[in-house]
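Participant: First the structure, which I've put down as C-alpha cells, then a few questions once you've had a look.
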C-alpha cells in the first residue's frame, strides 16, 4: 500500500514538474520528457506491471489537461512502461547505461508514434523536419535528464518502496533473483 | 479479501496489458465521438492540481525576483551613467518623434479597425503551465469560470491574437495558441478584405511564423506586409483582432488561390501574461 502511495505521489510530482519547471529549462523550445523517464525507470526496476500502471497514470494526467484526444497519451506511455518492463528480467538496474539506452529508444518510439498517429494522419508529411527539429533533440535532452533523475528514482524505489521483484514477476523470475 | 489479492497476482501482465489497451481505446473512441474529454473529471483534477502549479510558479517568481534584486544593485550604478547620456540623445530624438506622431495619427485613422478590440471586455490572466510535450502549443491560465471565462473565448496579448480557450474549469482554463499545429483561424486582409485561413505549422514555429491558405486574390492586390486581422465571418473569433503581417505569398498550382506565411507580433516563447476577451462571437449575434 505504501508502495502504491509513493508511486502515485512520484507520478504526480513528475507531472507537476513537467508542466511547470521543465519548460523553463527547455533549450531551443525543446523540453525533455520526464514522464517517459519515470515510466521506463519503474518498468526497469519493478517489472512490466508497475511500468504499465506508471505509464497509464502519467498518460492519463497529461490527457486530462492537455490531451487533444482523451486516452491517447495514456496508451502510448502505458506501452512504453510495459515494454521497458521486459528489461527487468534481463538487466541489472543499478547500471546507468541500461536506463539510458531504454530511455533513448523509448522516447524515440514516443516521438515517432505521436508523429505517426497525430501528424502523419493529418497529412503533415515533412518527416525530416519533425525528426531533426523535434524528435531527436528531445531524445538527446531526455537521455541527458535520465543521467540526473535516474539516481533519484532509484533511491525512491529502494528506500521508499517495497522491492517487489518476486511478487510482480513471480512467474518469470527464477534465475535473476535478488541481485 | 485474500482471494481477491490472489486473483490480482495471478492476472498475467500481458492480459493486464490487453485489458488496459482496450480501456484506453474505449476512452479514445468515447472522446472522439463526443468531441471532448470527461469534463467533470477534468475539472476535479484541475482544482486539485492547479494550487500546486500556481505555488510552483509563485516560488519560481520569488527566486527570479531575488536573483534580479541582487543583480540590479550592481547594474544600477552603471545604468545611471548610461541613462544620463541617453537623456541627451533622447531629447533631440523626441522632437523628431513629435513630428512623426502627427503622421502616425493620420495613418491610424485609416486603420480604425485596429482600435475596435479595445471595446471588448477583457480579463487579465497569467500563464501557469505549459503543454508537457514538444508537439503542441497549449497552455493553462490561472483564471476560469469564476472570472467569467468560457470555452471559445479569444485570448490576446499586447499586440495580437494569441489563441482560444478550449477547456475551462472553475479556476483554470486551457488555451490553444494560434501557432499550435492543429489551430485554424479564419482571417481577412485589412486593405482588400479578402478572406484567408491562418494555420499553425510546427515546421514554421522556429521562425515565429504561421501559414495561411485559400487567399483568393485574382487581381494581385495583396502584397507582403499586408495586415491580417480575424475575419467577420469567423464563427469563433471576434472580428478585427490583429493576427500578423503577410511575409511571403505564393500562387497555388490551381491558379486561383494563394498560400504563404504570416509573421505574428506576439513572442510566443516568452509569453507570461495574456488577456482573455470574455465576449464570444456568438454573444455578439444574439445582442
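Protein chains in written order, with this note's numbering: chain A, 6 to 184; chain B, -1 to 285. Just so it is clear, CB atoms sit at the ideal spot from N, CA and C, and this is done for glycine as well.
#1: Any beta carbon from chain B within less than 7 Å of residue 25 of chain A's own beta carbon?
#2: Please report the straight-line C-alpha distance between residue 308 of chain B and residue 117 of chain B, rounded to a whole angstrom.
#3: Thinking C-alpha only, which one of A:15, A:41, A:133 is nearest residue 85 of chain A?
#4: Hey, could you find the ends of the beta strand (DSSP E) residue 249 of chain B is sitting in?
#5: Would you mind giving the Cβ-Cβ distance between residue 122 of chain B and residue 271 of chain B, rounded to the nearest angstrom? I have them listed as a contact below 8 Å.
#6: If you scan the region 57 to 133 of chain A from start to end, which runs of the alpha helix (DSSP H) of 4 or more residues do you find wholly inside it?
#7: How big is the Cα-Cα spacing for residue 31 of chain A and residue 37 of chain A?
#8: Quick one: grab the DSSP three-state call for residue 256 of chain B.
#9: Does residue 281 of chain B pass the burial test, meaning 16 or more other C-beta atoms within 10 Å, or should it be called exposed?
#10: What are the residues of the region 60 to 77 of chain B that lie near chain A, defined by any Cβ-Cβ distance shorter than 8 Å?
#11: Report yes or no: do three or more beta-carbon pairs, one from the region 176 to 190 of chain B and one from the region 218 to 232 of chain B, lie closer than 8 Å?
#12: On the DSSP bridge list, what partners appear for residue 210 of chain B?
#13: Cβ atoms of residue 251 of chain B and residue 211 of chain B: under 7 Å apart, would you say?
#14: Roughly how many angstroms separate the alpha carbons of residue 167 of chain B and residue 46 of chain B, rounded to a whole number?
#15: Any beta-carbon of chain B closer than 7 Å to the one on residue 82 of chain A?
#16: Against chain A, with Cβ distances strictly below 7 Å, would residue 176 of chain B count as a contact?
#17: Return the CA-CA distance between residue 21 of chain A and residue 50 of chain B, expressed in angstroms with no decimal places.
#18: If I follow the unbroken alpha helix (DSSP H) through residue 46 of chain A, where does it start and stop?
#19: State the start and end residues of the unbroken beta strand (DSSP E) segment that holds residue 17 of chain A.
#20: I want to verify the contact list: residues of chain B whose CB lies under 8 Å from the CB of residue 139 of chain A, in sequence order.
#21: Mind the definition here: the region 188 to 200 of chain B touches the region 209 to 227 of chain B only if three or more C-beta pairs lie below 8 Å; say whether that holds.
#22: According to DSSP, is residue 39 of chain B helix, strand or coil?
#23: Kindly indicate if chain B contains any beta-carbon less than 7 Å away from that of residue 108 of chain A.
#24: Could you please give me the residues that DSSP links to residue 271 of chain B through a beta bridge?
#25: What residue does the alpha helix (DSSP H) around residue 143 of chain A start on, and which one ends it?
#26: Determine whether the Cβ of residue 262 of chain B lies closer than 7 Å to any Cβ atom of chain A.
#27: Using a cut-off of 8 Å between C-beta atoms, extract the partners of residue 73 of chain A located in chain B.
#28: Quick test of the definition: if touching needs 3 or more C-beta pairs under 8 Å, does the region 91 to 104 of chain A touch the region 66 to 77 of chain A?
#29: Looking at chain B, is there any beta carbon in it that lies within less than 7 Å of the beta carbon of residue 37 of chain A?
#30: Sorted by chain position, which residues of the same chain lie with C-beta nearer than 6 Å to residue 112 of chain B's C-beta, five sequence neighbours on each side aside?
#31: Pull up the distance between the alpha-carbon of residue 123 of chain A and that of residue 94 of chain B, whole angstroms please.
#32: Flag this pair as touching only if the region 46 to 60 of chain A and the region 79 to 99 of chain A have three or more C-beta atom pairs under 8 Å; answer yes or no.
#33: Hey, is residue 14 of chain A's beta-carbon within less than 7 Å of any beta-carbon in chain B?
#34: Distance cutoff 7 Å, beta carbons only. Does residue 11 of chain B sit that close to anything in chain A?
#35: Quick check on DSSP: helix, strand or coil for residue 235 of chain B?
#36: Along the chain, where does the beta strand (DSSP E) containing residue 137 of chain B start, and where does it finish?
Facilitator: For this structure:
#1: The sequence position of residue 25 of chain A within the first chain is 20, counting from 1. Yes, residue 25 of chain A lies at the interface with chain B (some Cβ there is under 7 Å from its Cβ).
#2: Outside the displayed span of chain B (-1 to 285) sits residue 308 of chain B, for which this structure offers no information.
#3: As a first step, residue 85 of chain A must be located in the first chain, where it is residue number 80. Considering only alpha carbons, the answer is A:41.
#4: The count along the second chain starts at 1 and reaches residue 249 of chain B at position 251. Annotation: the continuous beta strand (DSSP E) that includes residue 249 of chain B extends over 240 to 249.
#5: By one-based count along the second chain, residue 122 of chain B stands at place 124. By one-based count along the second chain, residue 271 of chain B stands at place 273. Yes, residue 122 of chain B and residue 271 of chain B are in contact; Cβ-Cβ is about 6 Å, under 8 Å.
#6: 77 to 89, 92 to 95, 102 to 119, all fully within the region 57 to 133 of chain A.
#7: In the first chain, the residue the question calls residue 31 of chain A occupies position 26. In the first chain, the residue the question calls residue 37 of chain A occupies position 32. Annotation: residue 31 of chain A to residue 37 of chain A spans about 7 Å, alpha carbon to alpha carbon.
#8: As a first step, residue 256 of chain B must be located in the second chain, where it is residue number 258. In the structure shown, residue 256 of chain B falls within a strand segment according to DSSP collapsed to helix, strand and coil.
#9: On the second chain, residue 281 of chain B is found 283 positions in, with the first residue counted as 1. By the beta-carbon neighbour count (other beta carbons within 10 angstroms, threshold 16), residue 281 of chain B is exposed.
#10: Under the 8 Å Cβ criterion, the region 60 to 77 of chain B contributes no residue.
#11: Taking 8 Å as the limit for Cβ pairs, the verdict is that the region 218 to 232 of chain B does touch the region 176 to 190 of chain B.
#12: Here the question's residue 210 of chain B lines up with position 212 in the second chain. DSSP output for residue 210 of chain B lists B:196, B:258 as bridge partner(s).
#13: Within the second chain, the letter at position 213 stands for residue 211 of chain B. Within the second chain, the letter at position 253 stands for residue 251 of chain B. No. Outside cutoff.
#14: Translated into positions along the second chain, residue 167 of chain B becomes position 169. Translated into positions along the second chain, residue 46 of chain B becomes position 48. A direct Cα-Cα distance of roughly 11 Å separates residue 167 of chain B from residue 46 of chain B.
#15: Taking the first chain and counting its residues from 1, the one referred to as residue 82 of chain A is at position 77. Using a Cβ-Cβ cut-off of 7 Å, residue 82 of chain A does not count as an interface residue toward chain B, since no Cβ of chain B sits closer than that to its own.
#16: For this step, residue 176 of chain B is matched to residue 178 along the second chain. Contact with chain A is absent for residue 176 of chain B, since none of that chain's Cβ atoms lies less than 7 Å from the residue's Cβ.
#17: Within the first chain, residue 21 of chain A is the residue found at index 16, counting from 1. Within the second chain, residue 50 of chain B is the residue found at index 52, counting from 1. Each residue's alpha carbon lies about 7 Å from the other.
#18: Numbered from 1 along the first chain, position 41 holds the residue referred to as residue 46 of chain A. For residue 46 of chain A, the enclosing alpha helix (DSSP H) covers residues 39 to 51.
#19: Within the first chain, the letter at position 12 stands for residue 17 of chain A. Counting along the chain, residue 17 of chain A falls outside any beta strand (DSSP E), though it belongs to the alpha helix (DSSP H) covering 7 to 25.
#20: Here residue 139 of chain A is taken as the residue at index 134 of the first chain, counted from 1. Contact annotation for residue 139 of chain A against chain B: 132, 133, 200 [CB-CB distance below 8 Å, chain order].
#21: Yes, they touch.
#22: Taking the second chain and counting its residues from 1, the one referred to as residue 39 of chain B is at position 41. Residue state, collapsed to three classes: helix.
#23: The residue you call residue 108 of chain A lines up with position 103 of the first chain. Not closer than 7 Å to any Cβ of chain B, the Cβ of residue 108 of chain A fails to qualify, so no.
#24: Stepping through the second chain from its first residue, residue 271 of chain B is reached at position 273. Beta bridge pairing from DSSP links residue 271 of chain B with B:124.
#25: For this step, residue 143 of chain A is matched to residue 138 along the first chain. 141 to 160 is the extent of the alpha helix (DSSP H) around residue 143 of chain A.
#26: Start at 1 with the first residue of the second chain, and residue 262 of chain B comes out as number 264. Closer than 7 Å: no.
#27: Locating residue 73 of chain A in the first chain gives position 68, where the first residue counts as 1. 134, 180, listed in chain order.
#28: By the Cβ test, the region 91 to 104 of chain A is not in contact with the region 66 to 77 of chain A, since fewer than three Cβ pairs between them sit closer than 8 Å.
#29: The residue labelled residue 37 of chain A in the question sits at position 32 within the first chain. For residue 37 of chain A, the answer is no, since every Cβ of chain B falls outside 7 Å of its Cβ.
#30: Start at 1 with the first residue of the second chain, and residue 112 of chain B comes out as number 114. Its pLDDT being 48, under 50, residue 112 of chain B is placed unreliably by the model, and nothing is read from it.
#31: Along the first chain, one-based indexing puts residue 123 of chain A at 118. Along the second chain, one-based indexing puts residue 94 of chain B at 96. Whole-angstrom Cα-Cα distance: 53 Å.
#32: Taking one beta carbon from each stretch, the region 46 to 60 of chain A and the region 79 to 99 of chain A have 3 or more pairs nearer than 8 Å; the two touch.
#33: By 1-based counting over the first chain, the position of residue 14 of chain A is 9. Contact with chain B is absent for residue 14 of chain A, since none of that chain's Cβ atoms lies less than 7 Å from the residue's Cβ.
#34: The residue labelled residue 11 of chain B in the question sits at position 13 within the second chain. Any Cβ of chain A closer than 7 Å to the Cβ of residue 11 of chain B would place that residue at the interface, and such an atom is present.
#35: Indexing the second chain from 1 puts residue 235 of chain B at position 237. Residue 235 of chain B falls in the coil class under three-state DSSP.
#36: The residue given as residue 137 of chain B occupies position 139 in the second chain. 136 to 139 is the extent of the beta strand (DSSP E) around residue 137 of chain B.
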